[in-house]
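A short write-up of the structure that comes next.
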Amino acid sequence: MCIDRRALRPWIATGLLLLATSAQALPEIQSWTTSNGARVLFASAPELPMVDVHIAFDAGSARDGAHPGLASLTAALLTQGAGAWNADGIAERLEGVGAELHASADRDMTEVTLRSLTREDALETAVATLAAILARPTFAPEDVERMRRNRLVALRQEQESPREVASRALWRAVFANHPYAEDPQGTPEAIKAIDRETLAAFHERYYRGANAVIAIVGALDRAGAEQLAERILGELPRGARAAELPPAPELTAARQERIAFPSSQTTILAGQPGMRRGDPDYFPLYVGNHILGGSGLVSLLMEEIRAKRGLSYSTYSYFLPLAQPGPFLMSLQTRNDQAEAAQALMLETLRRFIERGPTEEELDAARKNITGGFPLRIDSNADIVRYLAMIGFYGLELDYLARFTARIESVTAEQIRDAFARRVHPERLVTVSVGEMGAHGPEVARQ
Amino acid sequence: MRGRSLALLLCLFPLAALGASTVQQEVLDNGLKVLVKPDQRAPVVTVQVWYRVGSGDEHEGLTGLSHMLEHMMFKGTETLAPGDYSRIIAANGGEENAFTSRDYTAYYQNLASDRLDIAFELEADRMRHLKLAPEEFAPELQVVREERRMRTEDNPRSLTYERFNAAAFEVSPYRHPVIGWASDIEQYRIEDLRSWYRQWYAPNNATLVVAGDVQPEEVFRLAERHFGPLESETIEPIKARPEPEQLGEKRIQVKAPAQEPWLVMGYKTPVLATAKPGAEWEPYALEMLAAVLDGGSSARFSRELVRSRQIAASAGAGYSAFSRRSELFLLEGVPARGQDIATLEAALREQIERVRTEPVQPEELERIRTQLIAGKVYEQDSLFYQAMQLGMLETVGLGWELADTYVERISAVTPEQIQAVARNYLVSDHLTVAVLDPQPTESVATPSTSLGDSGHVH
Numbered sequence: 085m086c087i088d089r090r091a092l093r094p095w096i097a098t099g100l101l102l103l104a105t106s107a108q109a110l111p112e113i114q115s116w117t118t119s120n121g122a123r124v125l126f127a128s129a130p131e132l133p134m135v136d137v138h139i140a141f142d143a144g145s146a147r148d149g150a151h152p153g154l155a156s157l158t159a160a161l162l163t164q165g166a167g168a169w170n171a172d173g174i175a176e177r178l179e180g181v182g183a184e185l186h187a188s189a190d191r192d193m194t195e196v197t198l199r200s201l202t203r204e205d206a207l208e209t210a211v212a213t214l215a216a217i218l219a220r221p222t223f224a225p226e227d228v229e230r231m232r233r234n235r236l237v238a239l240r241q242e243q244e245s246p247r248e249v250a251s252r253a254l255w256r257a258v259f260a261n262h263p264y265a266e267d268p269q270g271t272p273e274a275i276k277a278i279d280r281e282t283l284a285a286f287h288e289r290y291y292r293g294a295n296a297v298i299a300i301v302g303a304l305d306r307a308g309a310e311q312l313a314e315r316i317l318g319e320l321p322r323g324a325r326a327a328e329l330p331p332a333p334e335l336t337a338a339r340q341e342r343i344a345f346p347s348s349q350t351t352i353l354a355g356q357p358g359m360r361r362g363d364p365d366y367f368p369l370y371v372g373n374h375i376l377g378g379s380g381l382v383s384l385l386m387e388e389i390r391a392k393r394g395l396s397y398s399t400y401s402y403f404l405p406l407a408q409p410g411p412f413l414m415s416l417q418t419r420n421d422q423a424e425a426a427q428a429l430m431l432e433t434l435r436r437f438i439e440r441g442p443t444e445e446e447l448d449a450a451r452k453n454i455t456g457g458f459p460l461r462i463d464s465n466a467d468i469v470r471y472l473a474m475i476g477f478y479g480l481e482l483d484y485l486a487r488f489t490a491r492i493e494s495v496t497a498e499q500i501r502d503a504f505a506r507r508v509h510p511e512r513l514v515t516v517s518v519g520e521m522g523a524h525g526p527e528v529a530r531q
Numbered sequence: 057m058r059g060r061s062l063a064l065l066l067c068l069f070p071l072a073a074l075g076a077s078t079v080q081q082e083v084l085d086n087g088l089k090v091l092v093k094p095d096q097r098a099p100v101v102t103v104q105v106w107y108r109v110g111s112g113d114e115h116e117g118l119t120g121l122s123h124m125l126e127h128m129m130f131k132g133t134e135t136l137a138p139g140d141y142s143r144i145i146a147a148n149g150g151e152e153n154a155f156t157s158r159d160y161t162a163y164y165q166n167l168a169s170d171r172l173d174i175a176f177e178l179e180a181d182r183m184r185h186l187k188l189a190p191e192e193f194a195p196e197l198q199v200v201r202e203e204r205r206m207r208t209e210d211n212p213r214s215l216t217y218e219r220f221n222a223a224a225f226e227v228s229p230y231r232h233p234v235i236g237w238a239s240d241i242e243q244y245r246i247e248d249l250r251s252w253y254r255q256w257y258a259p260n261n262a263t264l265v266v267a268g269d270v271q272p273e274e275v276f277r278l279a280e281r282h283f284g285p286l287e288s289e290t291i292e293p294i295k296a297r298p299e300p301e302q303l304g305e306k307r308i309q310v311k312a313p314a315q316e317p318w319l320v321m322g323y324k325t326p327v328l329a330t331a332k333p334g335a336e337w338e339p340y341a342l343e344m345l346a347a348v349l350d351g352g353s354s355a356r357f358s359r360e361l362v363r364s365r366q367i368a369a370s371a372g373a374g375y376s377a378f379s380r381r382s383e384l385f386l387l388e389g390v391p392a393r394g395q396d397i398a399t400l401e402a403a404l405r406e407q408i409e410r411v412r413t414e415p416v417q418p419e420e421l422e423r424i425r426t427q428l429i430a431g432k433v434y435e436q437d438s439l440f441y442q443a444m445q446l447g448m449l450e451t452v453g454l455g456w457e458l459a460d461t462y463v464e465r466i467s468a469v470t471p472e473q474i475q476a477v478a479r480n481y482l483v484s485d486h487l488t489v490a491v492l493d494p495q496p497t498e499s500v501a502t503p504s505t506s507l508g509d510s511g512h513v514h
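In C-alpha cells:
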C-alpha cells in the first residue's frame, strides 16, 4: 500500500488544467487534415522507439441523450470485438506486440489511446487492430450483455464511495437539464435499457472522420505520421462534426443537498458553472484558482482548512474547462461532527478571496510556480500527446504552449479580482454533503 | 481499470516495470548512497530521498508512526518555518510529495534541472534538523486521523484488505496497516516521533536518487556539499519477527456498508529478500505466474473468468518479489451479476489447481515477455518512474542493479518452475480468505433551496 501524503490534484482525471511556457525547447507541432476530414496534430519525438496516439471523437457523454452511459459503454465495447476478431483475439494481438490500448469517454469526448513500439511488425499489428476497433466494432449481443452487467456492478460499487455519491449529486444539481448533468458511467436504468442497436447507432453517428482529432507523438517523421493517421482513421466515413453543445444556464439561487451516508466523514462539494476551454477569462481564473485551491499545500484552502486546523486531509478547488463551461468546484472531507464548521470555513475562504482578490505576494508566488514548473508539464511523450489532443479537440491555437508563460506572466491582481467577481457567485453555489451530517431533516428516497 | 483494484491497494509494481541503465553511484563518507541516472530528453530533474524505514519496522502501539513522521517532515526545521519547505519548492516551480510503505519512506521533488541545488539544500536540512514542534504536531495529527477515515474507515474494500492482512500475518509486522491502527494514531506523542526520527533519519539509512538532465559529477559535488556535513547514526536493525508457518486455512468476514461483495485470498510466499539459497528463481516464477493469471486482457482471469465463464465482474492476481519481508500471493475478485462469492472462490481455486497440475503454455509466457520488453522502452518516458525503481530496489536491500537484469531473469522462468512454485506455495494450509459482506448503505437526499436552514448536526 502506498500512501500519498496528500492529494495535490483533483480526483477527476480528464481535462485537467495542465498548462504553462519557458525558454525550453517546445515540441514543434505540425497539423493537417486526413483525407476523410480528421484533424491531425503531430510532434516528432525521435529519442525513444515508440509512438503515442490519442484519438478524440466529439462523442462524450454529453451526446448520450436519453441513454446516460451510452458513449462510455460504446467505448468499452470497442475492444470486445471488431473486424475478424473477438475480445480474446484483440487482446492477444495487442499484448502479443506489447501495445497498450484504452478507450473511454468523459463528458466532451470519447478518447481512444494507443502506445506501441515503432518496430515495424509491432506497429503494423497494433495499427491494424486499432483501425478495426474504430471502424468495425462488432457489438456482439453476448458482449453487450456482459459489459452491461459488469457496468451495473461497477455502478453499485461507485455508490460505496461518499466522494462518488457527492460528485454525481453535485453535477446533477449544477447542470440540471444540461447534457453535462449525468455521469459518463451512466445510470443503472439507462444501462439496463441500452441495446445493440443503440450502441451501433451511436457509433455510426459519432465515430466519423470529420468528428475526430488525432494526436501523434513518437519516433516518426511527417510522412510516417501522415501514413499512420490515414491507416488508423482512413476507414471511417467523413461524416460531420457534432453540433455545438448548448451552454449551461447560470444557477439562480444557493442550494444545499444533504445525503445521509453511513460514513465516519462527511464529504462536501460545492460548485457552479465555471469556464470553458478558450474562455476569455481563462488565465485570470486559472491563476486565481491556483492561489485559492489549485496549488496543493500552499493554497489558501489548504492553509485555512488543513495546515491551521487539521480539518481535512485533502481540500482543493478547480475549474474544469470543457467545450461549454464545466464546473468550478471546491471540496473537503471531514469528521461528521465538524462538517458544518468546515463547510462554513471553505465557503468563507472563497468569499474572502473574491472580496479582497490576491495579494501581490500571492500572485507573484503563483506566477513563479506555474511558469517555473512549465518544463515539467511537457517533459514526456505522454504529457505532450495529451496537450496535442487537448489543443486539437478544443480548437486552441497551435502556439498555445509557446504563449502560455507570457499569458501567465501578464495576469494582474486586478484581472483576477474582476474575473472572480464576474464569474464566481458564492451566493449561488450548490453545496452537497454526503455523510452523517445529512442524517436529519425530511428524508427523500434516493436511488 | 476496475479489474486492477488490487493495484490501488497494494502499490504493486507492474511486471513491465523494472529497468534502468547508465546509472552512476557514489557513497559519501557518512554513508549516504547517491544514485544518478542522466537523461537529457527534457531540462528537468527528479530528486528522491529514500529512507529505509516503514510500517514494517514499527512496534505494537506505535503503528503508523513512519507515516505520521512523513507528514511532519513538511512542518519546519531548526531554520525553516512550517510550510516554508513547500513554499520554496512552489516558488521554484517544483512539484513535491512523499509516500510511505511497509518497507520505506520516500520524498521527492520534480523541478527544472537548474534548481537541483535548492532541492538538495532542503532535503539535507530536514534529514537531520527537523523541528517537530508540538503546536505543529497537534493539527497534523488531526489531518492524519482524517486521512485514515477517508482512505480506510469509509472505504469498504480498503477496510476489508486491512483486516485481511491482520488475519493473514500473525507475527510479521506486515499485519499492521501502513497508516496505523486508529487507536495507535490517537495516542502518538511528540516524543515518539522525535525518537523515531533520530533513529532512522540519517545519511547512512538513506539513498538519494537523481534522474534527469544532470551531469553525475556535478550531482556528486552538490551532494557532498549539502549532505556531506551530516552526521551518520548508529542504525540498530530491528528484530526479524519472521512469520511462523501457517498451520491451516484461515477465513474472515468483514461486515461494512457496501453494495457489492468482494473476495480477497492470499497465500504465504517468499520474496527475493527471503528466498532460500539456491531458490532465488522462485520469486521470479511467482511474478510470472501472477502475469499468466492477470497480465492483461489476454491473461487467464480476463479471458476465462470475466469473458468466457462470466463468473467475475473483475478479477485480479498480484505478487511482488521486491519487499523486505515475506509476502502474499494475492487473488481478488468481484462476482458477476447473478454469481456469488462461493462460485467466484471456487473458480479462483480451480485456476490455482490448474497451474499446479498443468504447465502453462509457451505462448502465454512469450506474450508476457513481449509486454515486459515493450514496458522497458515505455518506462523510459517517465523519469520519475525510473528513479523510483532505483530507490525502491536499493532501499529494500536488493540493489539498484536489479533494475537492469530483471527482465532477463524473469524471462528465464520456465513452465516447470511456475508449476513448481504453484505446488510449493499455493497450498490451502497457507491460505487466508477474506470476504466483504455488504451491509446496507441506504442514502437519502434532502435538497433545500437556501443555505443555513438545516438545523444541528448529530
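In the order they appear, the protein sequences are chains A and B. With the first letter of the first sequence counted as 1, position 250 gets the number 334 in our numbering; the numbers rise by one all the way through. With the first letter of the second sequence counted as 1, position 185 gets the number 241 in our numbering; the numbers rise by one all the way through. Ideal placement from N, C-alpha and C gives every residue a C-beta, glycine not left out.
In the structure shown, the three-state DSSP call for residue 456 of chain B is coil. A Cβ-Cβ separation of about 48 Å leaves residue 315 of chain B out of contact with residue 311 of chain A under the 8 Å criterion. Against chain A, a Cβ distance below 7 Å from residue 429 of chain B picks out 182. Restricting attention to B:293, B:223 and B:94, the CA atom closest to the CA of residue 78 of chain B is found in B:94.
Spanning the alpha carbons of residue 249 of chain A and residue 261 of chain B requires a straight line of approximately 44 Å. The C-alpha of residue 292 of chain A lies about 41 Å from the C-alpha of residue 510 of chain A. With respect to residue 153 of chain B, residue 102 of chain B sits apart: the two C-beta atoms are not nearer than 8 Å. DSSP, read as helix, strand or coil, puts residue 123 of chain A in strand. Residue 413 of chain B sits in a helix when the DSSP states are folded into three classes. By the criterion of a C-beta distance shorter than 7 Å, residue 343 of chain B is surrounded in its chain by 71, 375, 377 and 466, once the five residues flanking it on both sides are discounted.
Close partners of residue 206 of chain B in chain A (Cβ separation under 8 Å): 349, 397, 398 and 417.
In this structure, the CA atom of residue 414 of chain B is about 31 Å from the CA atom of residue 231 of chain A. Between the region 140-155 of chain B and the region 166-176 of chain B, the count of C-beta pairs closer than 8 Å reaches three or more; the two stretches touch. Within the region 438-455 of chain B, the residues whose Cβ lies closer than 8 Å to any Cβ of chain A are, in chain order, 438 and 439.
Residue 494 of chain A has a beta carbon lying at 8 Å or more from every beta carbon in chain B. Around the beta carbon of residue 290 of chain B, fewer than 16 other beta carbons lie within 10 angstroms, which makes this residue exposed.
For residue 166 of chain B, there is no enclosing alpha helix (DSSP H); the residue is part of the beta strand (DSSP E) that begins and ends at 161-168.
Along the region 331-346 of chain A, the positions whose C-beta sits under 7 Å from a C-beta of chain B are 337, 338, 339, 340, 341, 342, 343, 344, 345 and 346, read in chain order. Interface with chain A (8 Å Cβ-Cβ cutoff): residue 413 of chain B is excluded. By the beta-carbon neighbour count (other beta carbons within 10 angstroms, threshold 16), residue 225 of chain A is exposed. Around the beta carbon of residue 195 of chain A, 16 or more other beta carbons sit within 10 angstroms, so the residue counts as buried. For the region 379-390 of chain A, residues whose beta-carbon sits nearer than 8 Å to a beta-carbon of chain B comprise 379, 380, 381, 382, 387 and 390. Counting only runs that start and end inside the region 214-301 of chain B, the beta strand (DSSP E) elements of at least 3 residues fall at 262-268.
At the C-beta level, residue 438 of chain A and residue 508 of chain A come within 8 Å of one another. Neighbourhood of residue 210 of chain B in chain A, by CB distance below 7 Å: 246, 347, 348 and 349, in chain order.
Against residue 376 of chain B, chain A offers no close residue; the least beta-carbon distance is about 12 Å (beta-carbon pairs closer than 7 Å). Among the bridge pairs identified by DSSP, residue 298 of chain A is matched with A:124 and A:139.
For residue 189 of chain A, DSSP records a beta bridge to A:194.
The continuous beta strand (DSSP E) containing residue 493 of chain B extends over residues 487-495. Taking the Cβ atoms as the reference, residue 497 of chain A lies roughly 5 Å from residue 447 of chain A, within the contact range of under 8 Å. Taking a Cβ-Cβ threshold of 8 Å, the residues of chain B close to residue 236 of chain A are 393, in chain order. Secondary structure note for residue 374 of chain B: its beta strand (DSSP E) is the uninterrupted segment 368-374. The secondary-structure analysis by DSSP pairs residue 306 of chain B across a beta bridge with B:488. Closer than 8 Å to the CB of residue 104 of chain B there is not a single CB belonging to chain A. What residue 381 of chain B touches in chain A, judged by beta-carbon distance under 8 Å, is nothing: the nearest beta carbon there is about 14 Å away. Per DSSP, residue 114 of chain A lies in no alpha helix (DSSP H) segment; the continuous beta strand (DSSP E) that holds it begins and ends at 114-117.
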